[in-house]
Each structure stands twice: as structure tokens, then as C-alpha cells.
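Visitor: Residue numbers (the numbering used here), protein chains in the order written: chain A, 8 to 340; chain B, 8 to 340; chain C, 8 to 340; chain D, 8 to 340. Before anything else, here's the structure in question.
Number of protein chains: 4
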Amino acid sequence: MELDLQLYSVRTDLAVESKEMAQRLSNMPIPGVNEEVEESDGIKITRLAVSNDAGSQQIGRAIGNYVTLEIPGLRGGDTGLQQKVSEAFAREFESFMSRIGIGKNASVLIVGLGNWNVTPDSLGPLVVENALITRQFYELMPDQVSPGYRNVSAVAPGVLGLTGIESSEIVQGIVERTKPDAIIAIDALASRSLERVNTTIQIADIGIHPGSGIGNKRRGLTREVLGIPCIAIGVPTVCYASTIVGNVLEMMRSHFGGADGRTKEIMGLLDSISEQERLALVKEVLEPLGHDLIVTPKEIDEFIEDIANVVATGLNAALHDAVDPGNVGAYTH
Amino acid sequence: MELDLQLYSVRTDLAVESKEMAQRLSNMPIPGVNEEVEESDGIKITRLAVSNDAGSQQIGRAIGNYVTLEIPGLRGGDTGLQQKVSEAFAREFESFMSRIGIGKNASVLIVGLGNWNVTPDSLGPLVVENALITRQFYELMPDQVSPGYRNVSAVAPGVLGLTGIESSEIVQGIVERTKPDAIIAIDALASRSLERVNTTIQIADIGIHPGSGIGNKRRGLTREVLGIPCIAIGVPTVCYASTIVGNVLEMMRSHFGGADGRTKEIMGLLDSISEQERLALVKEVLEPLGHDLIVTPKEIDEFIEDIANVVATGLNAALHDAVDPGNVGAYTH
Amino acid sequence: MELDLQLYSVRTDLAVESKEMAQRLSNMPIPGVNEEVEESDGIKITRLAVSNDAGSQQIGRAIGNYVTLEIPGLRGGDTGLQQKVSEAFAREFESFMSRIGIGKNASVLIVGLGNWNVTPDSLGPLVVENALITRQFYELMPDQVSPGYRNVSAVAPGVLGLTGIESSEIVQGIVERTKPDAIIAIDALASRSLERVNTTIQIADIGIHPGSGIGNKRRGLTREVLGIPCIAIGVPTVCYASTIVGNVLEMMRSHFGGADGRTKEIMGLLDSISEQERLALVKEVLEPLGHDLIVTPKEIDEFIEDIANVVATGLNAALHDAVDPGNVGAYTH
Amino acid sequence: MELDLQLYSVRTDLAVESKEMAQRLSNMPIPGVNEEVEESDGIKITRLAVSNDAGSQQIGRAIGNYVTLEIPGLRGGDTGLQQKVSEAFAREFESFMSRIGIGKNASVLIVGLGNWNVTPDSLGPLVVENALITRQFYELMPDQVSPGYRNVSAVAPGVLGLTGIESSEIVQGIVERTKPDAIIAIDALASRSLERVNTTIQIADIGIHPGSGIGNKRRGLTREVLGIPCIAIGVPTVCYASTIVGNVLEMMRSHFGGADGRTKEIMGLLDSISEQERLALVKEVLEPLGHDLIVTPKEIDEFIEDIANVVATGLNAALHDAVDPGNVGAYTH
């Protein structure tokens, strides 16, 4: 029973949200977790470093580096802003790669995780379709590739239900044959807050861990498994319905946490509903359609396409010096 | 303020749900509302007739006839069941047409409402694509059309945001030029309960009323507007997030409505949260992404395609005697 | 028999090709046909005016104005060139409208002809999807629309086989209800030469005539039928296979039309194959799959999408002063 | 020069067409090539065995077994016929597997070659999407898989231009990790005759050879490379334009090969056009758009979808005893 209920507890794949939640319980800085925030032009960049086990445990995230771009205005469909985000993402990604030791000439395999038939899970395959691929030229005529490019290949391995093979197994097979120097894995995520859906891009050097992402990919894509650095790029494309319902219950508590006598009383009683009871309630409402219910704006098809383009454009500029980040769209269809 | 909050109150387009909710408030039969339920083979058919203003007001539905097919197993992807549902739908639809006086030879214009680019709103256009169209043959060589067919045309007028024109205006223009004897309008709906999403088909003779359906279609398609009978076929493809949250709050009340002292006390306090406060809470949680947030299973693309096929196959069999309802798929791609 | 063979004769929807063919038979200027050619930046613009019946008959085109943009490099996928073409198209289209008396504030209905399910015929619907639509704002709050926009609506009426209704009937119905000041109809065309496929845009003030375009739209969209000016924008997306085969036979004649005795002899004999025999031969080869066989590059899906974007971007800039032609993609997805 | 011209010579991927062409040059049975033809219900089945080098050279095909199903009526869209073809294909495929020693319990990896974005090249990926995949259940709970199924996985490796990696390398990587007992590769082909486009299915035990198929897959998928049996399933989805033009020239020769003096004379002269000259002519006409011009019916999108369904349905029935070939569509979307 407890196991099942876990599924209905708050789910987020974003390190900034994990840190927020941990911070709420303690007003002290969390040891082993360093945060740097920068904001301009409507783009908020948070660089989070988790440097030891204590910090890792307290926020529930693996040791590593996390960069998050939050752009609340991104769902507005403003092409000018989209271009600015591509440029900011390209800059952050380039410096992230150099920080973790991936050189200018390192060859890269881009892995687009997820299911192209399931709109909220299709981010990875969409980015792969718009990535600027060059490995074939390095294979056929290595001496003639123009300067300013690097060796980039890409694959969208599908999901277990479509292929019968874990996507990590497919990637391992390809890595063994093609020997890239690094992996960049793109995946659709779930966030805790609706505001972050389709407005947030996370970069992390911890790879993809079993069970993360909104699809079903059980084995991981990590440096331990593959033997090469693994950068994960993630965008939350949904919230889980269970999270939303949990949010409402929590807001009720704070709503009634005011000063006067009656509401204080209610608040006490609501607090007395155990976590267990709360989860059981949520489960009861959402059960009929299973626990994979998502909350999403109706126009999800369009939002996903837009942010996939932003990521692909930025990635192309970050990977290839010859690609001008200002030339939005030049290398995507 | 009140006006805005209306958007966050419980929203359903299904007459069976409106009746359920009305019934909860009163244990007496609702005068002017007659219900007939039949169940076999996993298909539950409810025939609801609203015959006077009193009944109409009590359940909040226009006077008219409503037939609902509920098939809880339909999301399982079982082709055998899908075929049975097509057949049952064809039978019900045929008898519905004859009951409201649409003859065997009446020409019909099928109108697929909704937006083909927005997955949960694409049911109407998908059904239109799979409808068996014959009007062109009646126009070109009326004497040579085989017996067993009727004159059927179809159109997917798009949505206001795509065309700049109300879909009802487009349909009126086409009706005036092509003079069909009746309209069949297909639309994606919202339901109150998750169980009914993509498992329910509603047939009604009241046409499409302003504001119903999950897209934005303001003016109606009704006999009053168009001068000919208008049958609406609807399938709930989403729940609104606001409805789900409302459901949880309601369940909390019943959860604590048990016997002992403490929970009775909580229940009393929860009851004391006014409807106004409850809606304000829901609004606060869901505000960031606007009020059109939907709850849906991740695999919505596939579910919509399946039920659009079921409806189109049944409709083709109901409209054309020569089409065998058993020959599933013969006239759909 | 003769009738059928007509289908296999050379088919082009481009006025510049009709004129080329007519010119080949006569070295004299064609009376009543005036041509102006301008070329820069890889874009060749031809402005053709057919001013009287004599000219019209000689080149087989209706009296009217034809502007053609030919951009041989357009299939290269170069985004910079695409933007330049959008801008050139916007300029030409704007001055075309003003030349034929469509004012800055005239309301416009864009009609995207063709079938969205048939790739080579999907240009019209693709342009409509990317057009900047404003009519709904003029209807709801006419006083509050920003300056620099005009009233634009759009519709993709489908094809007879999908709807059972001639697209011209659908358009007439909509025109009668919404009273636009002018129609802009977009259609996929067939050209005679492969070079022009997906590299050419034609603007004409003669509307859409029965039987033109690559789909099946029999009745016309013309000023005579609709009572308002009708501009047609066309892009050749295919050649007919019969045209290609005809081209080869013709090239053989010129190939053997050299100096020495033997080839002169062959040439004479080849000339002696009557037009009738030639067409019969072509028909015999192409019969098995019907006469609608097309020749196209394998990558047609991508080419069509690219040129639809070019046309939509240019059209948005030409119709709305507030839209900057340099801001490519801002108003298209 | 000769090299380039090769591209414009007659291209076919069908063994039955290679044999037809070889047979035309000689009325004698071709040694080392055995043919068995069976026809019923509108389905013609040809079983061709090439058993030695002499035969292989004469018809230009590798030593191996080829089964071809030709169904001229298949483009008619008749669902009844489609089901019959699925059943016939299932029977042939099952007996083909057993004949070449692939047992009932052999695990299979289905490889869908080609590019899902290029309609005529999308057959392989479409079949993969509709294949019944079970490997994940064998991995997770091998003892609980129902009898009547076998271990099937599937992958659509994309094309070199999309991934930067040869599809054969991707497949090799996956084979090394997942160790299937056999490969079934699906690919879109080119045929010589238009009649066979989208009406023919070829099964062969020779795998996929470099350069075959309509896309660009240079390295092979063969038993030599992969160490396991490789069955190829191919469907011609296009003719090359160069082939069509060649067909016309050839027909002209036979057209003028009649009895009387003048045509005999022409025929002689046409014969005197060398193969080289003929190819040069074809090249000249088709050059502008490159040599990958295809001839196809306009409705190619629909035809490809239909035949992919036929192949997937038949394949599912052939691979899994528990799948009833009569239950068309049960396991495809």
C-alpha cells in the first residue's frame, strides 16, 4: 500500500523545485548546496551545485551541477523572446560543457528520449529532428569538414512499449559501436508547479536516472553505465494531476492559517489529516484513469513544438562554433 | 469577480452527469425528466428525455432527447469491443433519427467541430475524415447512385482562432447553399468524471449550444438558427482541472462525514468554507496557466483516434443501409 | 478517345510557361502580351500583362495580370534566401493589390485550396494555418484593433472527395455571410518544367479557373462568380509524369536535329510520329496508375512546408503594415 | 561519366522484375533459377529460388529465396481484399521462416528501415509502429508470458541524414546487446513497372544489400554482417522517373517494330541510338532536380498507410500463433 501511494506524492524532476521544497522546511542555508541566481531580459538563470552527500540527501538530488533557465513569458508565442532564450541557452550550455571538461572537438551523441506518438513525451524526438547532424561527413571525408563544426550524431531510441528494448540498451549498443566522447540526452519532465510547464529548461551533468522523465525508461543513461560524460537537458511539459490536487490541499492549510480563532481551529484539524490520509484521498479521486494523469494546457501540441525549437536552435549554436545563435531557425525545419 | 469564478465551478457537457448531480440533491424522481437504462455486453445505454421547463431547469439541460453510451472498457484498446460499440452506436443513432423524424432519404451535412491541431479538440475533424461522403455523386449523376446510400456531405469548419469566422457562420453559409435536410454535429466535450473520458458517446437532438464543447465556438448550431434538425454527437475527451480539484474537496467532506466526534467537527468546519471560498482556492492554484487547464491521460492521442474511428464507423452504418456495421474499418482509413 | 488524350498533353498552370511555349512557335512579340523582367539576389520577377483576346488566345491564358517569382536556389533549404524571397513576395503582392484597386483597409478572405492529406496538394491549407487572422477582433471590438492591421479571415474548404461539396460552393456560402472585400486563393499547381517545382510563386488577378490546380476543383473562384476581386497565388509542387515523358520525346527530336545525314533522317521520321501517336504512347505507359501520376523529388514533404512558410510570411507582411517582413517566422508556427 | 549514367539506367529492387528482364533476352529457362507461380483470389504468388552463381549473374540477384505477392487490386482501398492479402502474406511468411530454419520460438528483431518524414520512404517505420512487441514481457517476467507468443522487439533506426550513423551500425549495436535469433527488415523499394507500386510485397532471405531501397542506407544488413538470418520484406512505393522515361523509349521501339517498310526503318534508326545516348538523354531531362526524382500517384500518403497496415497485420499473425490473421486490425492502430 505505501508503495502505491508513493506514486501520488509530489513529483518533480526539477532540482530547483526540490531545493525550494527542502528550503521551506529550514530557513538555514543547506550545507553542500550552492545556488547562484542571475536574472535579465525576462530570463532567470539558476546555477545549483550539489557538492556532498548531506546536501544531496536533503534536497533529494544526486551530487552534480544543475542549471535552470526559467522564462515565464515563453508560453506567449513571442518569437523575439524565443530567440533570446535560444541564445541564453546556447551560452549556458557551452560554458556548462567546458566546465565539466567536454572540449570543443569532443564528438557528441544526442539522445532524444520519449515517445513521438505521445505529445507531452515527444520533446526529445522533436529536438533530435532539428539537430544539426555532421557525423556522416566526418566518417566519409574527415579532412574536408569545414572548421567551426564538431562531430554530432543523434538518435531517438523510442520507448520500451514501442520497441521492447530499454532505450538505455539501445543507446549503449550505439555508443559501443560509434564511440562518441559525450552524450547529451533530451527528455520531457514533470514539474511540481504549473508555472514552470513549458517555460523552464534544466541542464544537468548527472545523466538520466531510472524512473525520471514522464515516459517509462527504467535503466539509466549515466557516466557509470556508459563510461562517458552524460548531460541531461530536460523541459517540464506536464504536471501530474496528483501534484495539482496536493497543491490545493496544501494551499487550504495556508489559507486557513490566519489569525482569528475559527480558522486556526480548522487549520489544526486539517494538519491532523495524516500525509497517508491525504495521499489516499488523492488516489481515490484519480484512480479511475490510473496514476499517469497529467494536467496540461489544451494547446500542448503547439507549446511543445515551440520549446523544442528553442532547445534545438540553442543546442546547434552551442555545439558548432560556425552556427550563429542569432540565425534562429536556420538549421531547424 | 463572481463571473470569473463561474469558470472554475463544475463543468460538464454530459446530460447524464447533470442529472446525477441534480438527483443527489433530491431523492424524488425529477418531474419532466424520464430515464431509461439498458445494459449488456459492457455497454450501458441511457435514454434521457427532458420534456418540460421544470425538468430542464432542475437538471440544467435544454428540453430534448439525450442518449448516452457508456463503455468503461473502451480505453483498453480491444478491437472486438470497439466493433461492438460501433454496432450499438449505429443502432441507437438510426432509431434516434427515425424517432425525431429524419427519414431514410434525408440528406445530411456532418459538421466536425473543433481544432485539428489541438489533440483533445480534434474529435470532430477526425470523424469527418472517416465519414463516407456521397453528395458529389448525387450532384453529378443522381440517377446512378446505388440504392442503400443517402446524400451525405461533411465539413470541418475550424475554430474562430484559426479562421476568424465563427464555425456557426461557416455552417450557415454552407447550409444556405447546399440545403441539407439535417445536420449532424460532432464535438469533443468535457465531463465531470474521469471515468467517462473517452469512454462515453452522447447523442442529443438539441444541437450545439453557445459555449458548449471544449473549444471556443460561441454561436450555436440549432434548429432555431439553421431551420433544420440538428443532432449533436459528443464524446468527453477531457476533464477540466478545476473540476478535478473540486471533486477532491467534495470527497474530503464525505471522507470526514463519518461517525465519531472529531471528524464530524472537521466536516462541519469544511462545510463552513463557502462555495465562494472554495472556488477562489481552486482559482488560485490553477490561475498561472489560465482556466483552460485539462486533465487527461498521457496517451490521449491514441484514445481520441480510437473513439473517432468507433463513431465514424457507427455513423457510416447508421446513415447508409448498404454499409454493414460488421464490416468495421471498411470505410475508414 | 481524343478527349482522354487531352489529359496526356503538356500541362502547366504557369503563365510564364504558356508564354514560353507560344513564343517558341513565333519569334515575333505576341500582341496583347506585355512582359517585364527584373532579376536580383537570385530572384527573377516576371510581370506579364495579357491585355486583349488575341494575346489571351495565343498564349492560352485569360486576360489579366500575372507576376511570377522564380528562385532556382529555393530548394537548397537556405533560411537567409527564404527570408529574402518572403520580403520580395511581400513587396510584389502589396503593389499587385494596390494596382488592381484593393485598398489598405479592404477586408480579405484567404482561401487555402487543396487537400491537407495529400502532400503535393497541401500548400493551400498549410498557408492558411500560418496566416495571421484578425477578423474575430474586428467583430468583437472593432474600435480596439491596433492600427497597422487589416481584417483578415481564412478558410481551407477541403476538396470534393472529402466534403461532397465543391470548394467554390463552400467559399460562396462564406462570402455571402461574411462579406469580405476581396479573396486571396492559394493553390498547388503543376508546371511543365521540373526546375520550377517548389521554386516558383505566381500571383494572378484572374482567380481560380475550373480545372486548374493539381486537385479536383471544378467550379471557379472568380470575380464573375463571387462579385469581388479574386487574387490567386500558386506554387507548382509537381510535374505530371505525362509532361516529363513528353519532354523527353521533344528533346530527342532536337537531339537528332543536328547537321549530318543520318540524324536528319531520324529527325524527319520522328517528326512524322503524329501528336496523336505520341500522346497514345505516353498514355499506354502511364495508364496503369491513372493519369494523375506526378513526378516529384522524394523530399516533397519538406519542400512544401518550406515554401508554404515563405508564402505565409510574405502574405502576412503584405496584408498587415504592422508586420515586419524581416521578422521571419514571427507569425507562423 | 559512365558511373553517373548508371544512376539513370533501369532500377528495380524486385527479383521478379529482374527475372522478367533477363527472360526477355532469352527464351530458354535460366539455369539455377527456379520459379513457381500460384494464383487465386486476385493474389499472385511467385516463389523464386536462385540456387547458383550462373543464375544469380544472369538475373542480377544474390543467391537466395524470393517470394513475391502481387495484388493488382490492392490500390482500390477494398478492406476485404486487404484482409485476404494479410492472411496470404502471413501464411507465406510463416512457411518462409520455417523453410530457412527460423523456429517457432526464435526471438526476432524487426527493423523498419527508411525515413518517417519522407512519405515514400516511410513504410518501414510505419510497419514497426504497428508491430506487436513482446520482448519487454520476456525480460521482466519470462515465465508468465502466455503461450502462442514469441519474443519480438522492433526498431526504426532512421537514415544517415537524420542520425549521422548508418542504420546498419545502429542495428549491429542493438543486435550485439539484445541477441535476437533473427532479423526481419522492412524497406520501401523501387520497381520498374508502375503497376507494381504499392501492390507488391517481396520476401527474401538475402537481407538488405548496400544501396537497395529508396533511401540511403549504404552498409548491408546480412547474415554475413550480423551473424544471424536476415529476412527482408520490401514493398515498391515508387518508380524512378528515369525508369519511366526509359520505358517510353523502349515502347517506341516496339511500337514501330511492326511490319511495313517505314516503321521498320524508324525502328532500325531508334535501335541505333546507343544505350549511352539514351541514358544521356534521360539524364538531361531529369537533371534539374537530381536523380532521385520519383513517379508516384498523388495519393501516395494513403496508399503507403494501407499497405503498411497489411504487412504489419500479416507479420503479427505470422510471428505469434495466438494472433488470429482474421482479426484484422486488432493489433494495429
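Yeah, the Cβ is synthetic: ideal placement off N, Cα and C, and Gly gets one too. Since this is a predicted model, take the numbers as computed values, not measurements.
Residue 214 of chain D to residue 177 of chain A, Cα distance in whole Å?
Guide: To locate residue 214 of chain D, count along the fourth sequence from 1; it is residue 207. To locate residue 177 of chain A, count along the first sequence from 1; it is residue 170. Cα to Cα, residue 214 of chain D sits roughly 21 Å from residue 177 of chain A.
Visitor: Which residue from B/103, B/227 and B/238 puts its Cα closest to that of residue 52 of chain B?
Guide: Locating residue 52 of chain B in the second sequence gives position 45, counting from the first residue. Out of B/103, B/227 and B/238, B/103 has the C-alpha closest to the C-alpha of residue 52 of chain B.
Visitor: Per DSSP, which one or two residues make a beta bridge with residue 51 of chain D?
Guide: As a working mapping, residue 51 of chain D is identified with position 44 in the fourth sequence. The partner list for residue 51 of chain D (beta bridge, DSSP) reads D/46 and D/77.
Visitor: May I have the straight-line CA-CA distance separating residue 238 of chain A from residue 197 of chain A, to the nearest angstrom?
Guide: The count along the first sequence starts at 1 and reaches residue 238 of chain A at position 231. The count along the first sequence starts at 1 and reaches residue 197 of chain A at position 190. So the two alpha carbons sit approximately 18 Å from each other.
Visitor: Measure from the C-beta of residue 125 of chain D to each C-beta in chain C and report whether the shortest distance is under 8 Å.
Guide: Your numbering for residue 125 of chain D matches position 118 in the fourth sequence. Taking Cβ atoms only, chain C reaches closer than 8 Å to residue 125 of chain D, which makes this a yes.
Visitor: Is the number of C-beta pairs between the stretch 320-329 of chain D and the stretch 86-103 of chain D that are closer than 8 Å three or more?
Guide: These segments touch.
Visitor: Can you tell me which of the three DSSP states residue 160 of chain A falls into?
Guide: Position 153 of the first sequence holds residue 160 of chain A. Of the three classes helix, strand and coil, the one that applies to residue 160 of chain A here is strand, per DSSP.
Visitor: Touching or not, the stretch 312-323 of chain B and the stretch 141-150 of chain B, by the rule of three or more beta carbon pairs under 8 Å?
Guide: Segments in contact, no.
Visitor: Kindly say whether residue 309 of chain D, judged by its beta-carbon, lies nearer than 8 Å to any beta-carbon of chain C.
Guide: Here residue 309 of chain D refers to the residue found at position 302 of the fourth sequence. Yes - at least one Cβ of chain C is within 8 Å of the one on residue 309 of chain D.
Visitor: Just to confirm the assignment: which complete beta strand (DSSP E) runs, minimum length 3, are found wholly within the stretch 125-185 of chain A?
Guide: Here the runs fully enclosed are 159-162.
Visitor: Looking at C-alpha atoms only, which residue of B/201, B/244 and B/158 is the closest neighbour of residue 186 of chain B?
Guide: The residue given as residue 186 of chain B occupies position 179 in the second sequence. It is B/158 whose Cα lies nearest to the Cα of residue 186 of chain B.
Visitor: With a 10 Å radius around its C-beta and 16 neighbouring C-beta atoms as the bar for buried, classify residue 265 of chain D as buried or exposed.
Guide: The residue given as residue 265 of chain D occupies position 258 in the fourth sequence. Residue placement at residue 265 of chain D is flagged as unreliable, the pLDDT there being 49, under the threshold of 50; a coordinate-derived value is accordingly withheld.
Visitor: List, in chain order, every chain B residue whose beta-carbon is nearer than 7 Å to that of residue 306 of chain A.
Guide: Start at 1 with the first residue of the first sequence, and residue 306 of chain A comes out as number 299. Chain B residues near residue 306 of chain A: 125.
Visitor: Can you list the residues of chain C that residue 23 of chain D reaches, using a CB-CB cut of under 9 Å?
Guide: Residue mapping note: residue 23 of chain D aligns to position 16 of the fourth sequence, counting from 1. Neighbours of residue 23 of chain D on chain C: none; closest Cβ ~16 Å, over 9 Å.
Visitor: Taking 8 Å as the threshold, find out whether the stretch 150-168 of chain A comes into contact with the stretch 76-92 of chain A through three or more Cβ pairs.
Guide: As far as the Cβ criterion goes, the stretch 150-168 of chain A does not touch the stretch 76-92 of chain A, which means the pair count is below three.
Visitor: Nearest to residue 116 of chain B by CA position, among B/19, B/140 and B/124, is which residue?
Guide: Along the second sequence, one-based indexing puts residue 116 of chain B at 109. Ranking the options by Cα distance to residue 116 of chain B, first place goes to B/140.
Visitor: Looking at residue 67 of chain B and residue 105 of chain B, is the spacing between their C-beta atoms short of 8 Å?
Guide: Counting from one through the second sequence, the residue named residue 105 of chain B turns up at place 98. Counting from one through the second sequence, the residue named residue 67 of chain B turns up at place 60. Not in contact: residue 105 of chain B and residue 67 of chain B (Cβ atoms no closer than 8 Å).
Visitor: Mind checking if residue 140 of chain A is an interface residue toward chain D, Cβ cutoff 8 Å exclusive?
Guide: Position 133 of the first sequence holds residue 140 of chain A. True, the Cβ-Cβ gap to chain D drops below 8 Å.
Visitor: Need the endpoints of the alpha helix (DSSP H) that residue 3 of chain D sits in, please.
Guide: Chain D is shown only over 8 to 340; residue 3 of chain D falls outside these bounds and no answer can be derived.
Visitor: State yes or no: is the beta carbon of residue 322 of chain D nearer than 8 Å to at least one beta carbon in chain C?
Guide: By one-based count along the fourth sequence, residue 322 of chain D stands at place 315. Not an interface residue.
Visitor: Less than 8 Å separating the beta-carbons of residue 245 of chain B and residue 301 of chain B?
Guide: Against the second sequence, residue 245 of chain B aligns to sequence position 238. Against the second sequence, residue 301 of chain B aligns to sequence position 294. Closer than 8 Å, so yes.
Visitor: Roughly how many angstroms separate the alpha carbons of residue 201 of chain A and residue 20 of chain B, rounded to a whole number?
Guide: The residue given as residue 201 of chain A occupies position 194 in the first sequence. The residue given as residue 20 of chain B occupies position 13 in the second sequence. Using only the alpha carbons, I get a separation of about 25 Å.
Visitor: Mapping the DSSP letters down to three states, classify residue 350 of chain C as helix, strand or coil.
Guide: The first residue shown for chain C is 8 and the last is 340, placing residue 350 of chain C beyond what the model contains.
Visitor: Compare the C-beta of residue 130 of chain D with all C-beta atoms of chain A and state if any pair is closer than 8 Å.
Guide: Along the fourth sequence, read from residue 1 onward, the residue named residue 130 of chain D stands at position 123. So no, residue 130 of chain D is outside the interface.
Visitor: Alpha carbons only, please: which of A/235, A/95 and A/82 is nearest the one belonging to residue 210 of chain A?
Guide: Within the first sequence, the letter at position 203 stands for residue 210 of chain A. The shortest Cα separation from residue 210 of chain A among A/235, A/95 and A/82 belongs to A/95.
Visitor: Do we get a CB-CB distance below 8 Å when we pair residue 51 of chain B with the residues of chain A?
Guide: As a working mapping, residue 51 of chain B is identified with position 44 in the second sequence. Taking Cβ atoms only, chain A never reaches closer than 8 Å to residue 51 of chain B, which makes this a no.
Visitor: Could you work out which residues of chain B lie near residue 301 of chain A, taking near to mean beta carbons separated by less than 8 Å?
Guide: Taking the first sequence and counting its residues from 1, one reaches residue 301 of chain A at position 294. Those are 302, 303, 304 and 305, listed as they occur along chain B.
Visitor: Please work out which residues of its chain come closer than 6 Å, Cβ to Cβ, to residue 64 of chain B, disregarding the five sequence neighbours upstream and downstream, and give them in chain order.
Guide: The residue labelled residue 64 of chain B in the question sits at position 57 within the second sequence. No residues qualify anywhere along the chain.
Visitor: For residue 169 of chain C, tell me which candidate among B/182, B/135 and B/194 has the shortest Cα-Cα distance.
Guide: Numbered from its first residue, the third sequence carries residue 169 of chain C at position 162. Comparing Cα-Cα distances from residue 169 of chain C to each of B/182, B/135 and B/194, the minimum goes to B/135.
Visitor: Go through its chain and collect everything with a Cβ distance to residue 107 of chain A's Cβ below 8 Å, but skip five positions before and after it.
Guide: For the purposes of this step, residue 107 of chain A is taken as the residue at position 100 of the first sequence. Correct list, in chain order: 72, 212, 236 and 238.
Visitor: Taking only beta-carbon positions, decide if residue 169 of chain B is within less than 8 Å of chain C.
Guide: To locate residue 169 of chain B, count along the second sequence from 1; it is residue 162. Chain C contact via Cβ: present.
Visitor: Return the residues of the stretch 184-206 of chain A that lie within a Cβ-Cβ distance of less than 9 Å from chain D, sorted by chain order.
Guide: The stretch 184-206 of chain A vs chain D, Cβ under 9 Å: 184 and 185.
Visitor: Can you tell which of C/308, C/155 and C/322 has its C-alpha closest to the C-alpha of residue 82 of chain C?
Guide: As a position in the third sequence, residue 82 of chain C is number 75, starting the count at 1. Closest option to residue 82 of chain C, Cα to Cα, is C/308.
Visitor: Check the DSSP bridge columns for residue 250 of chain B and list the partner residues they point to.
Guide: The residue labelled residue 250 of chain B in the question sits at position 243 within the second sequence. According to DSSP, which records beta bridges pairwise, residue 250 of chain B is partnered with nothing at all.
Visitor: Given a threshold of 16 other Cβ atoms within 10 Å of its Cβ, counted over all protein chains shown, does residue 44 of chain A qualify as buried or as exposed?
Guide: As a working mapping, residue 44 of chain A is identified with position 37 in the first sequence. It is exposed - the Cβ of residue 44 of chain A has fewer than 16 other Cβ atoms within 10 Å.
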